[in-house]
Amino acid sequence: MSSASPEPPRNATEAAPKKGHGTEPCTRHPRKGLPAAPARGTLSAAAAAGEADPRPRARSSPASEGAGLRGAWRARAAATPSKMAASVLAASCRAGVGCRGQRPLLRLRGLCRGASCSSAGGKTHFGFQTVSEAEKGAKVYKIFENVAKKYDLMNDSMSLGIHRVWKDILLRQMNPYPGTQLLDAAGGTGDIAFRFIDYVRSRWEYQVRQKLRSHQNLSWQEITSLYQEEEHGSLGGSHVVVCDINKEMLKIGKQKSQQLGYSDEGLSWVLGNAEELPFNDDSFDIYTIAFGIRNVTHIDQALQEAFRVLKPGGRFLCLEFSQVNNSLISSLYDLYSFQVIPVLGEVIAGDWKAYQYLVESIRNFPTQETFKEMIEDAGFLKVDYQNLGSGIVAIHSGFKL
Ligand SMILES: C[S@@+](CC[C@H](N)C(=O)[O-])C[C@H]1O[C@@H](n2cnc3c(N)ncnc32)[C@H](O)[C@@H]1O
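If you read the sequence shown in my numbering, its first letter stands for residue 40, the second for the next number, and so on.
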């Protein structure tokens, strides 16, 4: 993998020019049905004018939301959640719901792949509800817009801080070196990006120290100047782009970045849809998506986009909730998910429905093996996964070779 910087985004709304990021928009892949991407300097203005907003828009107002929902939810919660998920999927399949936009191989396999499943008529799943694709996008947007301010607090409370360990494990698997160009899709409030910066910085510092130690005869002036050089580029040319569809999540992420003392070096925030990434082909060494792909309407399209923007040799890494493979843990986990998490959501974030969606969407997500096949269908090779916590989450990895 080379350490060259990625090409500029082709339709980003918040792409602060950074070292190594050019100014030419991508012309090779104009977005379907949208005007050509504005040049980088015009992006913020375009966003302010309401253009190039990647937010999915609902064609109609959500019909199934309302006062009765919580009561219906409580009734549902009494049933075995996995049975519920299965029955929703079975009902969808009985209703003729197919899988839209998938490659022939996938269609041949004849599999209805959970959350990615959507019909020719544009129906898909939003948790356990069947909604139009546009509705799903709008509902997911609303959820993260509403919870953005409490998102990090909720993550810590719900997972008792374990999400931090999972994210650290993702970084260890990634093992980025100074110079790595990372795209963190659905990057939200920047957790992966901050870990990436810390990891690369400590690796770079180690390399500089080793270099200095290997030169026994340096004068003190030379040592000082080498350390000063290090200060000017403490990441060795690495860069991470946090790309998310939700303005509020990005806003909180940027605030957090300032509070935590991250500078703009090696970090940019781009508003964009994982299904139509605003970046040129072959731009990044690594693509990550943590707890994001479940929320995307067309998972197959997001995977194809990941493949497109990675350089040859680049790596795809996905951290996502998955299917628990231990029956005792599964029962306890279901109990906790369906009985406790929505309550925490209500108490901490004032949003029961958002966290009800969270637990339902996890049950709708494809199994580890099915998701692995989907990643392969997008063109990735050497696809594998590692279960964490008996499959509560899994890290899928694949290479563009
Ligand atoms: C559960 S959060 C994960 C945030 C972050 N990756 C983390 O691990 O904390 C899911 C994120 O996916 C984003 N998202 C949902 N659909 C998206 C899409 N189509 N394209 C890009 N981001 C999307 C949401 O806005 C939200 O920030």
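Glycine included, C-beta positions come from ideal geometry on N, C-alpha and C.
| Between the region 171 to 186 and the region 385 to 397, are three or more C-beta pairs nearer than 8 Å? | yes
| task | Rounded to whole angstroms, what's the CA-CA distance from G384 to S258? Just pull it up for me. | result | 59 Å
| query | Can the beta-carbon of Y326 be found closer than 9 Å to that of L210? | reply | no
| said: For G311, tell me which candidate among I262, E287, L299, Y301 has the shortest Cα-Cα distance. | reply: E287
| Looking only at C-alpha atoms, which of T228, L274, F233 sits nearest to E244? | L274
| message | Going by C-alpha to C-alpha distance, which of I231, I332, R333 sits closest to K295? | response | I231
| With respect to 8 Å, is the separation between the Cβ of L222 and the closest non-hydrogen atom of ligand 1 below this value? | no
| What are the residues that DSSP puts in a beta bridge with F323? | L349
| query | Would you call the CB atoms of P381 and V363 closer than 9 Å? | reply | no
| So, helix, strand or coil for A224, using DSSP? | strand
| request: Starting from the Cα of S277, find the closest Cα among G166, S361, Y216, Q378 and give me that residue. | output: Y216
| task | Would you check whether ligand 1 has a heavy atom nearer than 8 Å to the C-beta of K206? | result | yes
| field | Selection from I291, S264, T263, S307 that minimises the alpha carbon distance to V279 | value | S307
| field | DSSP-derived helix/strand/coil call for Y180 | value | helix
| field | Closest residue to V432 among I182, R354, K206 (Cα-Cα distance) | value | K206
| query | Residues bridged to E359 by DSSP? | reply | A433
| request: Tell me, please, which residues DSSP counts as bridged to H164. | output: T169
| query | Which of the three DSSP states, helix, strand or coil, is assigned to V309? | reply | strand
| message | Which complete beta strand (DSSP E) runs does the region 270 to 295 hold, if anything under 3 residues is left out? | response | 278 to 283
| Quick one: complete alpha helix (DSSP H) runs, 4+ long, within the region 202 to 255? | 230 to 253
| query | Looking only at C-alpha atoms, which of S400, L299, Q340, T169 sits nearest to E314? | reply | Q340
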